[in-house]
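To start, the structure itself, in C-alpha cells.
Residue numbers (this note's numbering), protein chains in the order written: chain A, 20 to 362; chain B, 20 to 362; chain C, 20 to 362.
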C-alpha cells in the first residue's frame, strides 16, 4: 500500500490538487483508470481524457499541469517519473538465497552466500557468482563465467564459458551470451575451416538483454557491450562487435562481426549492420534499414521502404528495374531539346 | 493400420475407383508413393503424376477427379482432407500422467491429475496446469502462469509469471511467452530507466507458437494473441500487441509495441510491423515488407525488392539515389519543350 | 606450451627469419601482439604493422613474405593456417565420459560408453548417442533422435524426435533442430487446420549450427542440411528445405519451405529466401536481400538498399512512389520532341 505522498517522493514530482494521504492500489491508462489508481500523460493524444479520468492522480509535465482538471503529480520528465512510480507496483521478486536442491553447482564454482541458484540450473567449474545474483530456473553458467552483483537471469539463460557479466544486468529467457562467433576460413577445396573463437564477451553494468537474443564471443579480442545498453528480443550480435554505452536496440536487429556502434545510439527493429564499420555516437536508424558503410555524423538515417497495395508496388518495382534506361532516355532527350533550342 | 474407408470418413472424402478395405501404411508425395501409401494432389503442377503414381489412392478436388486415372479420395478441400488423413499416421505422443521424478514442481502449484510434467522441468508457485496438459522436458512455468486444458509445450519452453495460455495450444522448443516488454524512459543524462512491465500475456485457444519465438508481456494492459492464431519460428511480438483470431505469421516476423493486427491476416516471412498502428482484417503482407502506417482495407500489400545480379543492382541503387535530380531535370525539360511548342 | 616449429607443422607453413624453438604463449592481433605471441596478416590494411609488431612470428601469404621486416610463418592460405594454429590455443574441453548424476537418460536410450551427457539434460527413449558425443548441460534429445560420433551440443540445445545428426556436428546454445514445420490448411471458415509434420531432419557431417537457430522437420520428406554447411545464429530453416554441402549462411537468414540452396553458396546476414525455389551452386547473396525467384547462375546477387540521412531518404522514397508517373511524363515528352524534330 502506497500513498500519493510516497509516490511523489519516489517519482520526484509535485502534488497538484490532490491529498498526499490518498492510498493508491495500482497503475492504469488514463481512459480506464479507476479511483484509487495512478495514471500518466506522456502523449498529447490522451490529453482529452484528463477531463473525465477517474484516476486518483495523473503524472504529467508542467506544461500539462496548467489548468489541469484532474489531480496531478507534476514531474519534469513524466516518463521517468512514471517508470519510478510504477516500480512500486511490481510484483516483488521473492528474495531467496542459496542453491535450489535440483540445481547443479560445481564444487569448483564460487557462489556468494546471498545469491540464488534456481531449480534445474547448472553452474560449471570456476564460475563466479557475486552477491545478490538471482539465477532463475533452467539456466546454464559456463566455466569461469562471472556474474556481477545484483545481476538477474530470468530463466533458460545460457552464459558461456569465461563471459563477464557486469552488475545489475537483467537477462531474459532464451538469451545466449558468449556463443562462438561465426569465424571460418575457406580452404582450397571450398570447405570451411573453423577459426577458433578465443576471445570472450564483456557486458557492462545495468545492461538489459532480451529474450532469445544472442551475443557471440570474440574471435581473439572480446565482444563488448558497454554500460547501460538495452537490447530487445531476437537480436544477433556477432563476434568483436562493440556497442557504446546507453545505446538501445529494438527487436530483431542483426550486427555483423567487428562493427562498432557508438554511445546513445538507437536502432529500430530489424535493422542490419554490416561488419567492420563504425557508427558515430547519437545515431538513430529507423526500422528495417541496412547500414553498409560507416556513419560519422549523429542524426537519423533510413533505407526502409513501406508497403503499398500489391498492384502499385509491382509497378514501382518493375519501373525501378528500368531506372537506368530512364536516365539514358532523359539524357538523350535533353540533348535533342537543347540542340534544337540552342541560339 | 488404417483402411481407405476409414480415411474417407476422417477426411470427409468420397472414394472413386478404389476399395474401401485397402490397407494404408503411410503417406507420400505423388511421384514417390508406393503401393499401400496414400498421396494427394493440391498443386496442378503435380497432375501429370496421376497417370503414373503407384499410390493406393490420391486425395484430390472434384475438378481433378474427372477422368482421373488413379484411384482417388475426392474432397471439397483436399488440403484440409489431407491434413486430417495424415493425422492418422502421426507418431502417437504417449499419454503420460504425473510428474517426472526429475521435474521440480512447487508445492504451491496446482497440477491436474492427468497432466504430465516432463523431465527437468520447473513449475513455480501458483502455477495452474489444467487437465491433459503435456509439459515436455526442460520447460519453465513461472509463478501464477496458467495452462489451459490440452495444451502442449514440446520442450525447452518458457512461460513467464502470470501468462495465461488457452486450451489446445501447441508451443515449440525455445519459445518464450511473457518476457518483459522493451519499455524505457530516457532521463536527462541520456540514460535509460526501465519502465516496469506490469501487464501480462493472454494466448487464446488453438494457437500454435513456433520454435524460438518470443512474445512479450504488456507494459500495463496485456499482450493478446486471439484464438486460432498460428505463429511460425523466430517471431518477435512486442508488448501490448494484439493479433486477431486466425491470423498466420511466417518465420522471422517482428511486430513493434502496441501494433494491432486484424483477424484472418497473413504476414510473410521477415515482415516488420511498426508500433502503434492498426492493420485491418484479411490483410496479406508479402515477405520482408515493412508496414510503417495503418492499413484500413483488406488486400495484399508489399514493399520487398527481389535480387538482381550485383552489377545490375548496383546501378539501380546508384540511380535511385539520383531520383530527385531526375524529376527536376524532367520538369525543367518539360518547361522548355512546352514553351517551344506553345502556339 | 607450443613452439613455432610445432605451429609450422600444424599450419603447414614455412618459417622465415625466426627460430623454430621459440615458445609461443598465445595469439593476438598484429597491433597488440606481445613478444611470445603469434599473430597473422590476412588483410592488406594491417600490413604497415609488420614493421612495428612485437609478435614472435606473423602468419602471412608468400606475397607478403617478400621483404617482410617481421619474423614470419609463410602459408599458401594464411586464413586456414591461422585457424589451424589458433586451435592449439583453445581452452581444452575436458574429456568426460558417462552420464552426469542430474541428467535423465531413458533406459530405452542407447548411449556410447565414451559419450558424455551433461547436467540437467534429458535423453528420451530410443535416442542413439554415438561414440565421443558431448552433450552439454540442459539439452534435450527427443525420442529416436540420433547423434553421430564426435558431435557436440554446447548447452540448452533441443534435438527433436527422430532427427538425424551427423558426425562432428557442433550445435550452439538455444538451437532447435526438428521442430514442426509451419504446415497449415485453410478450412471453409477461414480457420487453420494443422498439417501433420511427418518428415524429419537430416544434418550431415561437420555441420555447425549457431545459437538460437531453428531448423524445422519436413512435412512428409526430410529437411536436409548437407555436409560441411555452416549456419550462424538466429537462422530460420523451414520444412523441406535442402541446403547444399559447404554453404555458409550468416545470422538472421530466413528460408521458407521447400527452398533448395545449392552447394558452396554464401548468404549474407538477414537474407530472406522465398519458398519452393532453387538456388544454384556458388551463389552469393548480399545482406538483407530478398530472393523471390530461382537463381540458375552462380554469381553475386543483391537487393539491399543502404541508409541515407532521413531527409534524403524521405525524398527518394516519395519520388519512388511517383516512378510510374515519371515514365509516363518522359514518354509523353519524347513523343512531342520527336514529332517536332521529325524531318
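Built from N, CA and C at the ideal position, the CB exists for glycine as well. Model, not experiment: these values are computed from the prediction.
Does DSSP put residue 350(B) in a helix, in a strand, or in coil?
In the structure shown, residue 350(B) sits in a helix (DSSP, three-state: H, G or I).
So with Cβ pairs under 8 Å, would you call residue 145(B) a contact of chain A?
So no, residue 145(B) is outside the interface.
Can a CB atom of chain A be found closer than 8 Å to the CB of residue 131(B)?
Output row for residue 131(B): interface = no.
Residue 63(A) by DSSP, collapsed to three states: which one?
Helix.
Compare the C-beta of residue 162(B) against all C-beta atoms of chain C and say whether one is closer than 8 Å.
No, because no Cβ of chain C sits closer than 8 Å to the Cβ of residue 162(B).
Roughly how far, in whole angstroms, is the beta-carbon of residue 142(C) from the beta-carbon of residue 125(C), given that I think they are within contact range, below 8 Å?
With a Cβ gap of about 6 Å, residue 142(C) and residue 125(C) count as contacting.
Going straight from the alpha carbon of residue 247(C) to that of residue 274(C), what length do you get?
Using only the alpha carbons, I get a separation of about 18 Å.
Consult DSSP for residue 109(C) and reduce its assignment to one of helix, strand or coil.
Looking at residue 109(C) - three-state DSSP - the assignment turns out to be coil, as it is neither helix nor strand.
What residue range is occupied by the uninterrupted beta strand (DSSP E) comprising residue 76(A)?
Counting along the chain, the beta strand (DSSP E) containing residue 76(A) begins and ends at 76 to 79.
Do the region 166 to 183 of chain B and the region 212 to 229 of chain B meet, that is, are 3 or more Cβ pairs less than 8 Å apart?
Contact holds: three or more Cβ-Cβ distances are below 8 Å.
Across which residues does DSSP place residue 227(B) in a beta bridge pair?
Its beta-bridge partners are 189(B), 249(B).
Give me the Cβ distance between residue 197(B) and residue 258(B), rounded to the nearest whole Å; I'm assuming they're in contact under 8 Å.
That pair is no contact at about 10 Å.
Alpha carbon to alpha carbon, how far is residue 112(A) from residue 106(A)?
About 12 Å.
Kindly indicate the opening and closing residues of the alpha helix (DSSP H) around residue 336(C).
Residues 329 to 339.
Would you check if the region 291 to 301 of chain A and the region 310 to 320 of chain A touch, i.e. whether three or more CB-CB distances between them fall below 8 Å?
Touching, yes, given that three or more Cβ pairs across the two stretches are closer than 8 Å.
Have a look at residue 156(C) and residue 121(B) and give me their C-alpha separation to the nearest angstrom.
The straight-line gap from Cα to Cα measures roughly 14 Å.
The region 337 to 361 of chain C: which residues have C-beta closer than 8 Å to a C-beta of chain B, in chain order?
Listed by position along the chain: 338, 339, 341, 342, 345, 348, 349, 352, 355, 356, 359.
Could you say if the region 342 to 361 of chain B and the region 48 to 64 of chain C meet the contact criterion of at least three C-beta pairs nearer than 8 Å?
They do not touch, by the three-pair rule.
Compute the beta-carbon to beta-carbon distance between residue 134(B) and residue 116(B), rounded to the nearest angstrom, for a pair I have assumed lies under 8 Å.
Right, their Cβ atoms sit about 7 Å apart.
So with Cβ pairs under 8 Å, would you call residue 249(B) a contact of chain C?
Residue 249(B) counts as touching chain C.
Under a Cβ-count criterion, where at least 16 other Cβ atoms within 10 Å of its own Cβ denotes burial, should residue 96(A) be classed as buried or exposed?
So residue 96(A) ends up on the buried side.
Where do the ends of the alpha helix (DSSP H) carrying residue 28(C) lie?
Segment 23 to 30, the alpha helix (DSSP H) holding residue 28(C).
Report the residue from 270(B), 238(B), 271(B) whose alpha carbon sits nearest the alpha carbon of residue 261(B).
The candidate whose alpha carbon is nearest that of residue 261(B) is 238(B).
Identify, in the order they occur along the chain, each residue of the same chain with its Cβ nearer than 6 Å to the Cβ of residue 165(A), setting aside the five sequence neighbours on each side.
These residues qualify, in order along the chain: 147, 183.
Residues of chain B with CB under 9 Å from residue 87(A), in chain order?
The contacting residues do not exist; residue 87(A) stays about 21 Å from chain B at best.
Just to confirm the assignment, what range does the beta strand (DSSP E) spanning residue 318(A) have?
Its beta strand (DSSP E) spans residues 318 to 321.
Run through the DSSP bridge pairs and tell me what residue 297(A) is partnered with.
279(A).
Mind checking who residue 242(A) pairs with in its DSSP beta bridge?
Per DSSP, 220(A).
By a C-beta neighbour count over all protein chains shown, 10 Å radius and 16 as the cutoff for buried, is residue 171(B) buried or exposed?
So residue 171(B) ends up on the buried side.
How about residue 269(C): is its C-beta nearer than 8 Å to some C-beta of chain A?
Chain A contact via Cβ: present.
Take the Cβ of residue 359(C) as the centre, count every other Cβ of all protein chains shown within 10 Å, and call the residue buried at 16 or more, exposed below.
That one is exposed.
For the region 113 to 137 of chain C, which residues have a CB atom closer than 7 Å to at least one CB atom of chain A, in sequence order?
Per Cβ criterion, the list reads 121.
Roughly how many angstroms separate the alpha carbons of residue 101(C) and residue 73(B), rounded to a whole number?
The alpha-carbon atoms of residue 101(C) and residue 73(B) are separated by roughly 55 Å.
Any idea if residue 236(B) is buried or exposed, counting beta-carbon neighbours within 10 angstroms, 16 or more meaning buried?
Buried: at least 16 other Cβ atoms inside 10 Å.
In this structure, how does DSSP classify residue 68(B) when only helix, strand and coil are distinguished?
It is helical.
Using three-state DSSP, classify residue 98(C) as helix, strand or coil.
Residue 98(C) falls in the helix class under three-state DSSP.
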